[in-house]
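Structure first, then comments.
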Amino acid sequence: MGSVPYIALATALAGLGLAAFFFQMVKSASPGDARMVELMEAIQAGARAFLRREYTWVSGFVVVMTVLIFAFLDYGRPWGAIAYLTGALASALAGFVGMTIATLANARTAEAAKSGPQKALPLAFRGGAVMGFTVAGLGLTGLSLSYLVYVEWLKVDQPFDVLTAFALGGSSIALFSRVGGGIYTKAADVGADLVGKVEAGIPEDDPRNPATIADNVGDNVGDVAGMGADLFESYVGSIIAPIALAAFIPALIVPGAPGEATEFFVFPLAIAAVGMIASIIGAFTVRSSGSAKVKDLSRALHMGTNVAAVLTIIGTVALGYWLFNTEVIGGAEGVPGVEIGNWWGLPLAVVGGLIVGYAIGKVAEIWTSDHYKPVKNIAKQAETGPATVVLSGISAGMISVAASVILVAVGIGVAYWGGEQLADGLGIYGIAVAAIGMLATTGVVVSVDAYGPIADNAGGIAEMAHLPPNVREVTDSLDSLGNTTAAVAKGFAVGSAALTALALFKAFEASLAREDYILSLDVGEVEVFIGLFLGCMLPFLFASLTIDAVGRAAFKMIEEVRRQFRETPGLREGKEGVTPDYARCVDISTSAALREMLIPGGLAIIIPLAIGFIDVNALGGFLAGALVTGFALAIFMANAGGAWDNAKKYIEAGAHGGKGSDPHKAAVVGDTVGDPFKDTSGPAMNILIKVMTIVSLIFATAFV
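Take 686 as the starting number for the sequence shown in my numbering and just add one per residue.
This is the structure:
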């Protein structure tokens, strides 16, 4: 079993190698004429400036957390602190690499769109694949190396606690990147849409709009850099959770001899390695047929995801047979090992998680794609004004929660049953590895997700560079598909968050048990009941703070865009030689986002620590309430926002009067409401519930 971490490390490096290969392919493509290059470089400069300032602000928080881990935790001196820093750096690097490639690929995709979707789609996908395989490669490299260094080579005390600190480092960056990037992109988007489309009556991405460059920068810092850090955190967390369980609940592995049954420690790394290989193969199957129809583009784009999923299922079954087709695992002299029942139990849990992840993604597609009834119904409601658009979008988002919750409940039941089939007492471990199943193909899933912002930026550059209308038609087709793929990826992330948080919660309970503290979750106890209500409250408070932050930042953006239209003669009319002050809008979004992200981001760390040091049972109730409420709210917000967005695009394609009609203006209002739902508050919710659980797990011993 000692070879598995080395195999995982090798596959991780292969993923990084593929990212480098695709990077060179994208970079070698033509970025177009001088105007396109000028726009690309303006977007690059804005994105880099934001990311540099964001990481400078967040580094202060990282330093504080490092000091706390070093000061309060025995294993934090120095290994826990080092692991935390390593995780934070890897997560930040994933976001930076993704943002860099996305701002290189946008103009190149627009240029490729001149030849049709058969060139533009693979190029945009390869740009996204650099992001996808950087996220998965860095995550698996960091975990494999950490396992080898802390567990096998140095044999430090409490090595699996140290691994959990690595996960917290990734989560810290992810939370602030998602919130900060989300506030930035939506402030710019709302300002550009409301003043440009609704008030001035000019097209989206029109160069006369002062917020246009800021809007395109936002696609990169929010939907690429923020999303990359988010999926890095989700991927690492899903692998760490079952390892932590195996370490913190030794009774589930080898009673009296923890650590002997290494199969349970390396199995998560092995699944991730299988998923990486499958994703690499799947990435090479994405090719466009040449059709500009969204349905055909979707089939081409999802080919890689589907191939990776099938190969992962085959590899997982083979892996389970290799590791668990035996009578007893572990054991020592005078200590019995784990008696194995059916070897296929854990593979079933993993495959079940993978299938449920895809099913949640399909639910997201049904409620956010204009090929299905919910979005078409929202578009029809636009004929009676923005109020009915908002109501129908809220309804669609809420009903999608029911379907997603049922799927997760089924997935939990199947995974628990699979774990118990392998050995008595391993049901919760089965649930933990099911989360890895959802994210095993992260490399290709993120590739498809990151493709969306690249296509969106390509459309913006096509509009601002005054490229022929057929180019914008191709980029619009790619962009419309990107909205749906983003909703699918968010479904994967939030589904895995529920299972991962549950596993981490169980590890938190077991960590307290090591200190002879038995956690109570009896809601009849007043402290647990109070904690439960506080936990239910926090996701709503978090959502409110982030939405208000978008509103305040957008207000400043709207005022600035109106001022420029009012005070710059000839700007609204498009007079030759008159250009808006793009930099001012970029600076407004940057400053507002960085200032507004601190309070929501800090809550996820401060509140669990405060409650934990007051009463641990209250913290248990708090985490349970936040997990359930946060999951449901994340699904609702992501799907409602995606539905509003695609309803607007459905009308823009010619339905219900098309662009400029009253239904279109109503749909723009709905899309504006949905922007912070789907790109700020919703995506950050899954990080919130995991960050709070990981913080509680890491500081469990300090609480008691």
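Note that beta-carbon positions come from the ideal geometry of N, C-alpha and C, so glycine has one too.
Since this is a predicted model, take the numbers as computed values, not measurements.
Among the options, which residue has its Cα nearest to the Cα of residue i?
i       : options                            : result
Glu1210 : Ala775, Val1301, Ala993, Asp1161   : Val1301
Lys1260 : Ala1268, Phe1250, Tyr1267          : Phe1250
Val1271 : Ala714, Pro895, Ser744             : Pro895
Ser1077 : Asn1371, Val1358, Ser1346, Gly1367 : Val1358
Phe810  : Asp1266, Ala777, Met710            : Met710
Ile767  : Leu778, Ala957, Leu753             : Leu753
Gly1103 : Val1002, His1056, Leu982           : Val1002
Val1130 : Val1035, Gly989, Gly1110           : Gly989
Leu806  : Lys978, Asp1360, Gly1046           : Lys978
Ala1303 : Gly1220, Leu778, Val1246, Phe1227  : Gly1220
Leu823  : Gly1128, Gln803, Ala1332           : Gly1128
Leu830  : Ala1238, Tyr691, Ser973            : Tyr691
Asp1134 : Leu986, Leu930, Leu1206, Glu1012   : Leu986
Gly765  : Gly812, Thr826, Asp842, Ala697     : Asp842
Ala727  : Ser1346, Ala1268, Ile1299          : Ala1268
Ser715  : Gly761, Gly702, Lys804             : Lys804
Asp1364 : Gly702, Leu853, Leu833, Gly865     : Gly865
Arg972  : Arg984, Pro1153, Met961, Val847    : Arg984
Ala1183 : Lys799, Phe1316, Glu1212           : Phe1316
State the CB to CB distance for the pair residue i and residue j, rounded to an integer number of angstroms; the pair is presumed to be in contact (CB under 8 Å).
i       : j       : result
Ala1119 : Gly1022 : Incorrect: roughly 24 Å between the Cβ atoms, too far for contact.
Val815  : Ile858  : Actually they do not touch by this definition, with Cβ atoms about 19 Å apart.
Gly911  : Ser862  : 4 Å
Ala1369 : Gly867  : 6 Å
Thr819  : Gly783  : 6 Å
Gly780  : Gly913  : 5 Å
Thr1386 : Leu758  : 7 Å
Ala1319 : Gly1367 : 5 Å
Ser856  : Leu1124 : Not a contact, Cβ separation roughly 14 Å.
Asp1233 : Asp874  : Not quite, the Cβ-Cβ distance comes to about 16 Å (not below 8 Å), so this is no contact.
Gln1106 : Gly1030 : 3 Å
Arg1257 : Arg733  : 30 Å between Cβ atoms; not a contact.
Gly827  : Ala775  : 5 Å
Ala773  : Val749  : The pair is not a contact, with the Cβ atoms about 12 Å apart (cut-off 8 Å).
List the endpoints of the continuous alpha helix (DSSP H) containing residue i.
i       : result
Tyr832  : No alpha helix (DSSP H) contains Tyr832, which DSSP labels as neither H nor E.
Thr638  : Any property of residue 638 remains undetermined from this structure, which presents the chain solely from 686 to 1389.
Pro1265 : Premise fails: Pro1265 is in no alpha helix (DSSP H) and is neither H nor E.
Ile786  : 764 to 797
Glu1245 : 1211 to 1252
Gly670  : Only positions 686 to 1389 of the chain appear in this structure, which leaves residue 670 out of reach.
Phe917  : 912 to 933
Gln729  : 719 to 757
Tyr1043 : 1030 to 1053
Thr897  : 897 to 905
Pro1138 : 1127 to 1149
His1349 : 1347 to 1361
Ser964  : 948 to 968
Trp1329 : 1301 to 1337
Gly702  : 689 to 713
Leu853  : 844 to 876
Ser1381 : 1367 to 1383
Lys1061 : 1058 to 1066
Check whether the Cβ atoms of residue i and residue j lie closer than 8 Å to each other.
i       : j       : result
Leu1189 : Leu1382 : yes
Ala1064 : Ile1336 : yes
Asp890  : Gly1145 : yes
Val1093 : Val1060 : no
Val1389 : Glu1194 : no
Thr1170 : Gly1137 : yes
Ser964  : Ala821  : yes
Tyr869  : Ala1323 : no
Thr897  : Met1149 : yes
Leu1008 : Phe933  : no
Ile1374 : Ala1186 : yes
Phe950  : Ile928  : yes
Met1242 : Ala1311 : no
Leu1166 : Leu982  : yes
Ile1025 : Leu996  : no
Asp1207 : Asp904  : no
Thr788  : Ala993  : no
Meets three-Cβ-pair contact criterion under 8 Å: the stretch 788 to 801 and the stretch 708 to 724: yes
At least three beta-carbon pairs within less than 8 Å, the stretch 1153 to 1164 to the stretch 1073 to 1091: no
Validate contact between the stretch 1339 to 1350 and the stretch 1089 to 1105 using beta carbons, cut 8 Å, 3 pairs: no
Contact between the stretch 1282 to 1300 and the stretch 1222 to 1231 (3+ Cβ pairs under 8 Å): yes
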